Structures are given as structure tokens and as C-alpha cells.
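In the order they appear, the protein sequences are chains Y and D.
Converting from the first sequence to my numbering requires adding 7 to each position, the first position being numbered 1.
Converting from the second sequence to my numbering requires adding 458 to each position, the first position being numbered 1.
Cβ atoms here follow ideal geometry from the backbone N, Cα and C, with glycine treated the same way.
Treat the numbers as computed from the prediction; the structure is a model and nothing was measured.
Below you'll find the structure, written out as C-alpha cells, and then a few comments.
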Amino acid sequence: MIALRNVSKTFGGRVALDDVSLRVESGTTHVLLGSTGSGKSTILKLILGLLRPDSGAVDVEPGAHMGYVVQEGALYPHLTAARNAALPARAAGWSSEAQRARLEELAALVGLESPLLSLYPHELSTGQRQRASLLRALILDPPVLLLDEPLGALDPIGRAELQRHLVRVIEELKKTVIVVTHDVREAFVFGSTITLMSRGRVVQQGTFADLARRPAHPFVAEFLRAQTPPPEMTRDL
Amino acid sequence: MAMAGGALLTLIACATARAQAPTVRVGSKSFTESYILAEIVAQLIDETGEARAERRLGLGGTGIVYGALASGDIDVYPEYTGTIGRTILKDASITSVEALRERLKPRGLTLGTPLGFDNTYALAVWREAASRLGLRTISDLRRHPELTAAFDPGFLEREDGWLGLRRHYGLRLADVRVMEHALTYPALASGGVDVIDVFSTDGQLARLDLALLADDRRFFPDYAAVLLARQSMAERFPRTWAALEGRLAGRIDTPTMAQLNALADLERRSFADAAATFLGQAGSATTRGPGHELAKLTGEHLSLVVVSLTVAVLVGLPLGILAARRPRFAQLELIGVGLLQTIPALALLAFMIPLFGIGRVPALVALCLYALLPIVRNTLAGLSSLDPRLVEMTTVLGVTGWRRLAWIELPMASVTIMAGIKTSAVLTVGTATLAAFIGGGGYGTLIVTGLALNDVRTILMGAIPSALMALAIHGGFEALDRLVVPRALRPRPTPTD
Numbered sequence: 008m009i010a011l012r013n014v015s016k017t018f019g020g021r022v023a024l025d026d027v028s029l030r031v032e033s034g035t036t037h038v039l040l041g042s043t044g045s046g047k048s049t050i051l052k053l054i055l056g057l058l059r060p061d062s063g064a065v066d067v068e069p070g071a072h073m074g075y076v077v078q079e080g081a082l083y084p085h086l087t088a089a090r091n092a093a094l095p096a097r098a099a100g101w102s103s104e105a106q107r108a109r110l111e112e113l114a115a116l117v118g119l120e121s122p123l124l125s126l127y128p129h130e131l132s133t134g135q136r137q138r139a140s141l142l143r144a145l146i147l148d149p150p151v152l153l154l155d156e157p158l159g160a161l162d163p164i165g166r167a168e169l170q171r172h173l174v175r176v177i178e179e180l181k182k183t184v185i186v187v188t189h190d191v192r193e194a195f196v197f198g199s200t201i202t203l204m205s206r207g208r209v210v211q212q213g214t215f216a217d218l219a220r221r222p223a224h225p226f227v228a229e230f231l232r233a234q235t236p237p238p239e240m241t242r243d244l
Numbered sequence: 459m460a461m462a463g464g465a466l467l468t469l470i471a472c473a474t475a476r477a478q479a480p481t482v483r484v485g486s487k488s489f490t491e492s493y494i495l496a497e498i499v500a501q502l503i504d505e506t507g508e509a510r511a512e513r514r515l516g517l518g519g520t521g522i523v524y525g526a527l528a529s530g531d532i533d534v535y536p537e538y539t540g541t542i543g544r545t546i547l548k549d550a551s552i553t554s555v556e557a558l559r560e561r562l563k564p565r566g567l568t569l570g571t572p573l574g575f576d577n578t579y580a581l582a583v584w585r586e587a588a589s590r591l592g593l594r595t596i597s598d599l600r601r602h603p604e605l606t607a608a609f610d611p612g613f614l615e616r617e618d619g620w621l622g623l624r625r626h627y628g629l630r631l632a633d634v635r636v637m638e639h640a641l642t643y644p645a646l647a648s649g650g651v652d653v654i655d656v657f658s659t660d661g662q663l664a665r666l667d668l669a670l671l672a673d674d675r676r677f678f679p680d681y682a683a684v685l686l687a688r689q690s691m692a693e694r695f696p697r698t699w700a701a702l703e704g705r706l707a708g709r710i711d712t713p714t715m716a717q718l719n720a721l722a723d724l725e726r727r728s729f730a731d732a733a734a735t736f737l738g739q740a741g742s743a744t745t746r747g748p749g750h751e752l753a754k755l756t757g758e759h760l761s762l763v764v765v766s767l768t769v770a771v772l773v774g775l776p777l778g779i780l781a782a783r784r785p786r787f788a789q790l791e792l793i794g795v796g797l798l799q800t801i802p803a804l805a806l807l808a809f810m811i812p813l814f815g816i817g818r819v820p821a822l823v824a825l826c827l828y829a830l831l832p833i834v835r836n837t838l839a840g841l842s843s844l845d846p847r848l849v850e851m852t853t854v855l856g857v858t859g860w861r862r863l864a865w866i867e868l869p870m871a872s873v874t875i876m877a878g879i880k881t882s883a884v885l886t887v888g889t890a891t892l893a894a895f896i897g898g899g900g901y902g903t904l905i906v907t908g909l910a911l912n913d914v915r916t917i918l919m920g921a922i923p924s925a926l927m928a929l930a931i932h933g934g935f936e937a938l939d940r941l942v943v944p945r946a947l948r949p950r951p952t953p954t955d
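Spelled out as C-alpha cells, the structure:
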């Protein structure tokens, strides 16, 4: 279980989070939805311990390992995909055989063909990089997976494909997952629970149906509508 | 830091592990006359057989060679009474040899009997012009304000040079030009000027038909040549000291010295050969041929560069890393290594003498300090310009401490760090030529000798290999880049979509 209790955080006078409370049950998937600058990524960094809250508390299982995937992947340019993905295992002292075996096992799951593992990031496509990054997040089999705009940099086709893989990973591995996105459709696909944020505050929490049918604030309806294609456009698909 | 300290200790240990055979170390300044006199002294020491002479020649100027004598790095070198009074004791009123000897005693130093010639400033004109214009003395110049002169910058600006001389004699000349000493003779020869400043023992004087104007109002101080030695040397090797006194005191007059200088400067004979000529030995009659020395000098030069650069990397890399970790310390550190860089290289070398004496060790320490800035600065720049998201990710991945540095940060910064080391290496090859001024060896030895002889060929024999070595080292580093810089970080053509 991961929880934020009345957390506030400012960066040099700019308010990033204002009295945010949040609860993510173990084994569930939670979507943080909102536009750029709404404070979603800051929540992940607080959970990871990369930032400390100015006030309030962040409860995570102490010492729990967490997998973290960001937009663009954040792979190290000087290491092959395999070396990148194996970094946490190498730091944990695994033998190279154990690292290799684990990589082979996971590569299929995230949809990355094995030969690609020996390539450097600049030799991979955006989608392949993102898969290598996901591989790295999963290698130590962490109970918690934090995904920050994991599909953000992808073209529509790559996006749909990786989205399918992600959903499969989430369903098969039964992890506690938090996905940060600004895309309403992604929120719909991933999220059992959605927290809609705006300017560092929580606007509404609930299922997609809750948000769509009973918006707590005019902003909720406006946000959802802004990204929904008009019915006449999708009618013939 | 521990590694760096260890490396420095090794350097110092090398310094103390000197040969234990009884030797007398003979020094000289870096001009022809000083080289020849030191050679004469060295050959006499070897001939006497009480001790073996060790030559530490071409040690820059008075500050460096006197510093070496005072710190016990050399035992004896030729000096001039005027310089001892004015420059070393800083009291121009002491002129007699006895008084100088008395004042040097508390410093553990002693003076030999004057060798018999003065190397002082003098004014020279063509002998033909002298007789035509009736010029015998400097006072006579007052009657010819239409004459023009060319003076060495050192002479022109000194109180004991033209400035004082003009006042002392009430002189006025139509035109006074400033010119490098080596160029004043050609200027006089071409008729461009009428009067030049010379040293009374210039080799050129023995060859050209020049007249020296007598210093009739005794303006120029005495620059009588003497041997300046450590008292302990004279006591420890009494036979040697007696031989030096017996064979040299009052035995070298001004024309003789000018002849010896001419042998080296004009006939391109080696200093050793010129010295042997004076001592009445056959000598090897060798002309100067530094070619056979080139291999030895290359070895010395390369080892100066490699050792100092290695230590600079071992010290600079940790300093750069430390600066990247502690931004407040970074400022202090950059100012520190930056200040080192602002000290002229020759001055830095001179500062090393009281600490490390002369020779290889102070040269290595100075070169090492000089090489630090590019390494520290580039290490800091490389580490602090890394993508903060990539650095932050290391924490999440559990890659921390030395692993973060070795696996992630240093490899990613390697292009910048290697560029800094490369800059240092190329700079060091050039700066190492100055090591010769404090007896550090290397290609600079040829450059210093060539400068003393005003012999461009000898200068180039040192300067060209040094430039080639810089190029070779640059090439070597390009190759090393392939080993050190991860493949994916090397510059590559940017793919176009």
C-alpha cells in the first residue's frame, strides 16, 4: 500500500503540490491524470524518495524496491540495451549468467526481440528504447511499478502496440502500478482508479465511469471532453 | 586523494635516492661563457681525481643557479662580483672580493680568487670610426650628439645600464633604438647605428674590428669573474679546491675569455672542447653535434611528460570529482588551480628550487601543477553537465557510491575528461622544454644551449622534436579515446530522418 497524506511541495515559491492525499492499494493500478505541470510527476518522485515533502507524509513500504519508467526511457547512452536493463541486477551483485537469464525471460514479455538487446540506445527506435527501459524496471521483480508518461514519446502505432504489452505486463505480474499520463484514453485503458489533478491539487478521484458520469467539478467534464473525439469521427471505425 | 599523495611521495623519494659516490656538482647559467667556465671547472675536478664532477649546466639565470647553490643542489658555479653584490646580497656598495667573501661566509659559501677578466657592459664602435671621430672614451661621445645607438633591452632599462650611464656622463645621442643583443652586431655592421652595447668578453669582439670605449669616469661596476662555491665543498675536497685556485686564479684574461667564447659562438665547437683548449689539452676537437644526444633527450623529455601527466591525472581527477560533489569547494579549487596557471612557467620552476632543489623532481612537480587546471576543470565540467534525469535515475536503480561514478558518471563524462587530459598533455610537452632551466633535462637543454649560442640550428634541434612529440602525443590520445570513451559516445554522423 502506498499513501500520501496532506502532502505539499513547492519549488522556489512555485507550488507543485497543495495538500494532496492519495491511497493506492497493493496489486491495483492507479492513474494520475492531468495536464503538464499539474504535479503528477512530483508525486512519483516523492514516492521514490527522490524528493521530500515540505509538509505531510508519504507512506511506502520501507526499503521496497520500485521499478520506474519515464518518458524517453532515460537509458544510458554508453551502455547496450542489455547492460542498461541489467544495471539494477548488476548493482545487486547478480552473476552475469543470472542477469542474462532474467533478461531473456523478460524480453519476450515486454515484446523486445533478443538480438536488439546488444544494441545501443541510439540504434533503437523510441518504442524499443521504452521496452528496454521497462525491462530495466522489471528486472528485480519489484512489487511496485511507477510509469511516468511511458507512451509519451511514441507515434500512434507504436503507442498502441506498447500499450498492449504494458496492459499484459500489469495483468500478468499483479503489481502495484501508478501510471502518470495526460491522455484520457490511456487513463481509461490502464486505470481501475483515476486521480484527476490540476495545478497541484486533486480535483477528483474515482473510476473512469465516476469521473465521466458524476464530475465533481466543471473542470473534470471539460478535461474529459477536450480529449474525446466527436462521435461522428469514430462512428464509422 | 590517497593515490595522489602516494604519487607525490614517490616523486620525492626519487629525489633523495641520489648516487652516493663522492661528486662535486658544477652548475652554470645559460650563456656561453658560463657554460665554458663550468666545463673548465668540471674538467679540472675530474683531472684532480679527488671527486667526480657532475655537470648541472644551463640553469637559467642568477636566481635559479644561486638558489641551487644555496639549497646545496650544486657545489660551485662561475659568477661575477657585481652580480653577487647587487643581485645576491642586494648591496651594491660591497665591491671588494674580501668583503663579498666575508658577507657570504654566514651563508656557508665562499669565493675563489678572481679568474682574471671582467665581463662588464661596454660601448663599442668601429675601430675606423673611432679613429676618424677621435673616440677613445665614453666621455668623448659627448662631442658627437649626431651618433645613433642600438642597445639590448636589458641594458637600455637598467639603472646600471643606459639610464645611469647617460646621467653619469651627461650623454645625448641622436637616436637610441632597442634591439635584441644578437641583432646589435649586424646593425652596427650594416652601418645602421654607430654605437652598441657589448659584453667585454663577447666572442664577436675577438673577430670584428671594434673598439671598446674606455669607462673613464668609472660608471660600470666590476663584474670580475669568480668561482662561487659551498664552503663545505672546499673543505671536503681540499686538493680539488687548491687545483681550481692554482690553475684558474688570475689565469683567464679578457681577450682569452673572448677567444674561448668565439670558439663556441662562432666556430661551433662544443663547450667541453673550448674548455679543453684552455686547459691545454688536445681536446677531441669535436664540433657541436647534438644529434647523438637526441635519443637521450627524447627519453628524458618523454619521461618528464609521462610522469608529470600521470601524477596530474591521479591528482586532478579526484579533485575534479570532489569539486563536482561539493559545489562550494569547486569555486575554491578552480581559483586555486587557476592561480597556479597564471604563474609564468619559468617563475613556477624557480619557486620549486627552495622546496625540491634543481633537476628532474622540481621540474616534475612544477609540470604536474601546471597540468592540473585543464584536467580538474574538464572533469568538473564533464560531471556537472550530465543529464540530471539520468543521474537521478541511478538512485532508483540502486546504482550508488563508487558504482555510480565508475559505471555511469565517468564513462558519460569521458569525452570531456579526455579532452582535458589531451590539452594538458600537449601543453606539458611544450612547457617541459623549460625544465632545462632548472636542470630537468629534455629537449629544452638544446633550446637553452641554442639560445646561449644564438644558434638557431641548435634551438630547432630541440624545438622541432618537441613539436613532433606534441603531435605524436595528440595522436596517441586520439587512439586512447577509442579505448576509454565508450563506443556509443564517440562522435558519429548524425542520422537524418
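How would you label residue i, buried or exposed, when you count the other beta carbons within 10 angstroms and need 16 or more for buried?
i	result
Y:Ile164	exposed
Y:Phe18	exposed
D:Lys487	buried
Y:Ser103	exposed
D:Ala743	At D:Ala743, the pLDDT of 48 sits below 50, so the modelled position is not reliable and the matter cannot be decided from this model.
D:Ile990	Nothing about residue 990 of chain D can be reported from this structure: the residues present for chain D run from 459 to 955 only.
D:Trp584	buried
D:Asn836	buried
D:Ser882	buried
Taking only the alpha-carbon atoms, compute the straight-line gap between residue i and residue j and give it to the nearest angstrom.
i	j	result
D:Gly840	D:Tyr538	53 Å
Y:Tyr83	Y:Ala10	31 Å
D:Leu827	D:Ile793	13 Å
D:Ala692	D:Trp699	5 Å
Y:Ala23	Y:Gly56	16 Å
Y:Gly70	Y:Leu58	16 Å
D:Leu706	D:Ile503	12 Å
D:Leu605	D:Ala720	28 Å
D:Gln799	D:Gly900	22 Å
Y:Val31	Y:His37	7 Å
D:Val943	Y:Ala96	24 Å
D:Leu623	D:Ile498	34 Å
Y:Leu161	Y:Asn91	20 Å
Y:Arg220	Y:Ala88	44 Å
Y:Ala139	Y:Leu124	8 Å
D:Asp845	Y:Pro128	15 Å
Y:Ala64	Y:Gly207	16 Å
D:Ala782	Y:Tyr75	26 Å
Y:Asp26	Y:Arg232	27 Å
Does the Cβ-Cβ distance between residue i and residue j come in under 8 Å?
i	j	result
D:Gly796	D:Ala716	no
D:Tyr681	D:Asn577	yes
Y:Met73	D:Val854	yes
D:Leu567	D:Leu517	no
Y:Lys182	Y:Leu142	no
D:Leu804	D:Gly898	no
Y:Leu158	Y:Arg171	no
D:Leu772	D:Val834	no
D:Gly708	D:Pro572	yes
D:Ile811	D:Pro820	yes
Is the closest heavy atom of the ligand MN to the C-beta of residue i under 7 Å?
i	result
Y:Arg12	Although the ligand MN was asked about, the structure shown includes no ligands whatsoever.
Within the segment 110-173 of chain Y, ranges of the alpha helix (DSSP H) (whole runs, at least 4 residues)
Complete alpha helix (DSSP H) runs here, min 4: 133-145.
Whole runs of the alpha helix (DSSP H) within the segment 643-731 of chain D, excluding any shorter than 4 residues:
Those alpha helix (DSSP H) runs which fall completely within the segment 643-731 of chain D and span 4+ residues are 661-665, 689-694, 696-706, 712-723.
Name, going along the chain, the residues of the segment 825-857 of chain D whose beta-carbon falls closer than 9 Å to a beta-carbon of chain Y.
Asp845, Arg847, Leu848, Glu850, Met851, Thr852, Thr853, Val854, Leu855, Gly856, Val857
So if I threshold CB-CB distances at 7 Å, which residues from the segment 863-879 of chain D count as touching chain Y?
Ile866, Pro869, Met870
Selection of the segment 169-199 of chain Y by Cβ proximity to chain D, strictly under 7 Å
Interface annotation for the segment 169-199 of chain Y against chain D: empty, criterion Cβ-Cβ distance under 7 Å.
What residues in the segment 776-791 of chain D bring their beta carbon closer than 9 Å to a beta carbon of chain Y?
Those would be none; no residue qualifies.
Check each residue of the segment 929-948 of chain D: if its Cβ is closer than 8 Å to any Cβ of chain Y, include it; give the result in chain order.
Pro944, Arg945, Ala946, Leu947
Counting only Cβ-Cβ distances shorter than 9 Å, please list the residues of the segment 92-126 of chain Y near chain D, keeping chain order.
Leu94, Pro95, Arg97, Ala98, Ala99
For a minimum of 3 consecutive residues, which ranges assigned as the beta strand (DSSP E) are wholly contained in the segment 532-597 of chain D?
With a minimum length of 3 residues, the continuous beta strand (DSSP E) runs that stay inside the segment 532-597 of chain D are 534-538, 567-569, 579-584.
Would you list, in sequence order, the uninterrupted alpha helix (DSSP H) runs of no fewer than 4 residues that lie entirely inside the segment 800-882 of chain D?
DSSP runs (the alpha helix (DSSP H)) wholly in the segment 800-882 of chain D: 803-814, 818-842, 846-855.
4 or more residues per run - each alpha helix (DSSP H) lying fully within the segment 34-96 of chain Y:
47-55
In the segment 65-89 of chain Y, which residues sit with their C-beta less than 9 Å from some C-beta in chain D, listed in chain order?
Those residues of the segment 65-89 of chain Y placed with their C-beta closer than 9 Å to a C-beta in chain D are His72, Met73, Gly74, Tyr75, Val77, Glu79, Ala81, Leu82, Tyr83, Pro84, His85, Leu86, Thr87, ordered along the chain.
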